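As structure tokens, the structure follows; a few thoughts come after it.
2 protein chains.
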Amino acid sequence: MSRDIVNFNAGPAGLPAPALKRAHEELLDYAGTGMSIMEHSHRGKAYDAVHKETMALVRKLLGVPDTHDVLFLQGGASGMFATIPMNFLGDGQTADYVVTGTWSEKALEEAKLIGETHVAGTGGVDGNYTSIPSELDLTDGAAYVHITSNNTIAGTQFQSFPTTKAPLIADMSSDIMSRPLDVKNFGMIYAGAQKNLGPSGVVLVIAEKSLIERGSKTIPKILRYKTHADKESLYHTPPTFAVYIMRNVLAWIDELGGLEKMAARNEEKATALYGAIDASDGYYRSPVDADARSRMNIVWRLPSEELEAKFIAEATEAGLVGLKGHRSVGGLRASTYNAVSPEGVGRLVDFMAKFRAANAS
Amino acid sequence: MSRDIVNFNAGPAGLPAPALKRAHEELLDYAGTGMSIMEHSHRGKAYDAVHKETMALVRKLLGVPDTHDVLFLQGGASGMFATIPMNFLGDGQTADYVVTGTWSEKALEEAKLIGETHVAGTGGVDGNYTSIPSELDLTDGAAYVHITSNNTIAGTQFQSFPTTKAPLIADMSSDIMSRPLDVKNFGMIYAGAQKNLGPSGVVLVIAEKSLIERGSKTIPKILRYKTHADKESLYHTPPTFAVYIMRNVLAWIDELGGLEKMAARNEEKATALYGAIDASDGYYRSPVDADARSRMNIVWRLPSEELEAKFIAEATEAGLVGLKGHRSVGGLRASTYNAVSPEGVGRLVDFMAKFRAANAS
Chain A
39 MSRDIVNFNA GPAGLPAPAL KRAHEELLDY AGTGMSIMEH SHRGKAYDAV HKETMALVRK
99 LLGVPDTHDV LFLQGGASGM FATIPMNFLG DGQTADYVVT GTWSEKALEE AKLIGETHVA
159 GTGGVDGNYT SIPSELDLTD GAAYVHITSN NTIAGTQFQS FPTTKAPLIA DMSSDIMSRP
219 LDVKNFGMIY AGAQKNLGPS GVVLVIAEKS LIERGSKTIP KILRYKTHAD KESLYHTPPT
279 FAVYIMRNVL AWIDELGGLE KMAARNEEKA TALYGAIDAS DGYYRSPVDA DARSRMNIVW
339 RLPSEELEAK FIAEATEAGL VGLKGHRSVG GLRASTYNAV SPEGVGRLVD FMAKFRAANA
399 S
Chain B
39 MSRDIVNFNA GPAGLPAPAL KRAHEELLDY AGTGMSIMEH SHRGKAYDAV HKETMALVRK
99 LLGVPDTHDV LFLQGGASGM FATIPMNFLG DGQTADYVVT GTWSEKALEE AKLIGETHVA
159 GTGGVDGNYT SIPSELDLTD GAAYVHITSN NTIAGTQFQS FPTTKAPLIA DMSSDIMSRP
219 LDVKNFGMIY AGAQKNLGPS GVVLVIAEKS LIERGSKTIP KILRYKTHAD KESLYHTPPT
279 FAVYIMRNVL AWIDELGGLE KMAARNEEKA TALYGAIDAS DGYYRSPVDA DARSRMNIVW
339 RLPSEELEAK FIAEATEAGL VGLKGHRSVG GLRASTYNAV SPEGVGRLVD FMAKFRAANA
399 S
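Going down the list, the protein sequences come from chains A and B. According to the working numbering, the first sequence is numbered sequentially starting from 39. According to the working numbering, the second sequence is numbered sequentially starting from 39.
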């Protein structure tokens, strides 16, 4: 086994080594049952314990209050883009969307198919998402306000969250569990697992019970949040292995000391990387407003696309993989999710210094 | 590691040992990449090869013609219960449902929320699903005809499929890949993976391209089959690890000789088990019509519920696990999916003989 690489993939992304090692050790025989956890019934004791432990860890790490339910769903964040307006955007209502990147746009497009929407703020002009709006133009009596807390492609992130009268719904797919949160301020938080929580195939949803109760009763039952809340996410077969890996990942965060510690670790990584960019005399350039810089997806440019391609090729050779920016924007991107260690980021910072020394004219 | 048990779980169910062993061997380092397959981008070379190989294996094993697309989706068969009528049951149309068990009922209930439905046949009276209808009362010009090919709870199975003018849509969650099929006779086949294909969290869909084209263009984009067909199931992040395990399972079926061989193996297992029931002088009793008996979920009763409980306890002790009938019907159930070996069924048959000798009065 050779795991000497540093995985900067944007998602599916690297998993913490201890979480993966634990999965490896018990893959063929879970807890002495003679079966893989994948082979256990979702209604049996072995999986039930994993399911409940994972929910308890979500509650503990994020301090989820009793007013909110924790759900494990399928369909990705992209599925939620549809089911959120289907559940909560009734006739005659308007939903506010803050559009700060490609994923916000997609969420908005799905909502437009369901009901009335209003763009309450954007992250830049002409699809150039370099900022986070400091003021929002909110609709009186909006059904909800939707934001994307971190923008994986643009490399921006809400540093603090707006206060809204309507339920605040946040897609936190790319920064969930990276920092402490005050969950009670949110009507709903949702996150596809494949960045900070586990493998693709499960979506974590944390939603206010009173909001869930107000969901549509005429859409198909499987698409109602209430269906899943009523059955503790066992209405139908959950993606058991994905939940199990999430358990391993959350247990690792818990052992590390929880989200305060994780936030400090992520800050350390981001400071090192932005520091390397800012200290490069403009050789490396962040296209993002300084006060909107993401701690999870750090994007930067080089003097030319040729140099960017060379950087990516040589970095890959050096074991630093996944650094190519999203195909829609180009450039470089280091996704420094929880699983990426400060040492891994240190290797990238060293590589950046050497590359610049060798290639700056 | 102790894998001396025989797993008769109804789903999530046992996986073929070679498929699981392969996953174990490469869990931490997939194909020398230094990363788990879970950690690879769904747009990278490593996963893309797995994705395409899995699709190719589906096409090869089932002989899927070019007229049909192969999709990997999320949300389980229960998700399809909603998205099928949302896509294909338009205003002024009627969809025919053949109701042969609990899962057909659930599919019908979701469709009723979308449009007009008609029950074209049932598997028994008063919710007592012991048969498969030999004749159907089909609607002229129906949007589609929906059947459940195998009924996991009732233990019944279509031995052959009806000929319909409207597209025939079959939930094959519990018998996909257990026998050869003539795919061209179906508008759509779908199957949650967790019985014969892999872990829970991925649904295999095989659908006629012309049917997909006719799907609704006004429902949310993520819920349209066309969205996924157009992007070869990479419109959003697929459940990559679940697809990967499906690849391992299908490769195992292929190595075994394909679906003719698999059908013969399943027939051998079912013959042994039904033989043990029928030769027990009524001690073991099949509640199902002889011509409707499932080859995948074999259900039977004992003279009393007390004896059934004793049977389950002693069988579990002997390493024969997962034999408890569904909580809604009671009794015994052996799910003899592809991964269950003839030797495993032989152990159950031996146990049945010994139990009867010790407990028959």
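For every residue, glycine included, the Cβ atom is placed at its ideal position computed from N, Cα and C. Predicted model only: the values in this text are computed from it and were never measured.
Chain-ordered neighbours of residue i on chain B, where CB pairs are closer than 8 Å
i	result
residue 195 of chain A	Simply none; closest approach about 20 Å.
residue 230 of chain A	275
Separation of residue j from residue i, as counted between CA atoms
i	j	result
residue 179 of chain A	residue 323 of chain A	42 Å
residue 383 of chain B	residue 396 of chain B	20 Å
residue 43 of chain B	residue 266 of chain B	39 Å
residue 86 of chain A	residue 92 of chain A	10 Å
residue 218 of chain B	residue 363 of chain B	27 Å
residue 327 of chain A	residue 315 of chain A	13 Å
residue 39 of chain B	residue 114 of chain A	Only weak support exists for where residue 39 of chain B lies, its pLDDT of 35 falling under 50; the coordinates are left without a value.
residue 59 of chain B	residue 357 of chain A	28 Å
residue 331 of chain B	residue 167 of chain B	11 Å
residue 45 of chain B	residue 51 of chain B	7 Å
residue 335 of chain B	residue 311 of chain B	11 Å
residue 389 of chain B	residue 355 of chain B	11 Å
residue 121 of chain B	residue 253 of chain B	10 Å
residue 66 of chain B	residue 67 of chain A	17 Å
residue 47 of chain B	residue 223 of chain A	42 Å
residue 392 of chain B	residue 170 of chain B	33 Å
residue 174 of chain B	residue 138 of chain B	12 Å
Minimum Cβ-Cβ distance from residue i to chain A less than 8 Å
i	result
residue 158 of chain B	no
residue 222 of chain B	no
residue 65 of chain B	yes
residue 393 of chain B	no
residue 128 of chain B	no
residue 239 of chain B	yes
residue 92 of chain B	no
residue 380 of chain B	no
residue 148 of chain B	yes
residue 370 of chain B	no
residue 253 of chain B	no
residue 161 of chain B	no
Under 7 Å from the C-beta of residue i: neighbouring residues of chain A
i	result
residue 261 of chain B	120
residue 218 of chain B	What residue 218 of chain B touches in chain A: nothing, since even the nearest Cβ is about 26 Å away.
residue 317 of chain B	Within chain A, no residue comes near residue 317 of chain B; the closest Cβ sits about 30 Å away, beyond 7 Å.
residue 116 of chain B	260 and 274
Short Cβ contact (8 Å threshold) for residue i with residue j
i	j	result
residue 99 of chain B	residue 296 of chain B	yes
residue 124 of chain B	residue 261 of chain B	yes
residue 159 of chain A	residue 192 of chain A	no
residue 185 of chain A	residue 221 of chain A	no
residue 386 of chain A	residue 398 of chain A	no
residue 307 of chain A	residue 378 of chain A	yes
residue 376 of chain A	residue 284 of chain A	no
residue 258 of chain A	residue 226 of chain A	no
residue 275 of chain A	residue 238 of chain B	yes
residue 53 of chain A	residue 77 of chain B	yes
residue 106 of chain B	residue 134 of chain B	no
residue 202 of chain B	residue 366 of chain B	no
residue 340 of chain B	residue 353 of chain B	no
residue 111 of chain A	residue 152 of chain A	no
Beta carbon proximity, residue i to chain B, threshold 8 Å
i	result
residue 279 of chain A	yes
residue 325 of chain A	no
residue 42 of chain A	yes
residue 51 of chain A	yes
residue 258 of chain A	yes
residue 389 of chain A	no
residue 358 of chain A	no
residue 151 of chain A	yes
Chain-ordered neighbours of residue i on chain A, where CB pairs are closer than 8 Å
i	result
residue 131 of chain B	Within 8 Å Cβ-Cβ: nothing; residue 131 of chain B doesn't reach chain A, min ~17 Å.
residue 421 of chain B	Outside the shown range of chain B, which is 39 to 399, sits residue 421 of chain B, and nothing can be said about it.
residue 62 of chain B	62, 65 and 66
residue 113 of chain B	112, 113, 117 and 260
Neighbour list for residue i in chain B, Cβ cutoff strictly below 9 Å
i	result
residue 58 of chain A	65, 66, 74, 76 and 77
residue 47 of chain A	73, 77, 78, 79 and 82
Inset, instruction - Counting only runs of 4+ residues fully inside the region 296-363 of chain A, write out the alpha helix (DSSP H) ranges in chain order. - result: 297-316 and 343-355
Inset, instruction - List in chain order: all unbroken beta strand (DSSP E) runs of 3+ residues lying wholly within the region 87-163 of chain A. - result: Complete beta strand (DSSP E) runs here, min 3: 106-111, 132-137 and 154-160.
Inset, instruction - Just list the beta strand (DSSP E) runs in the region 167-219 of chain A, keeping only unbroken ones of 3 residues or longer that don't cross its boundaries, in chain order. - result: 183-186 and 206-209
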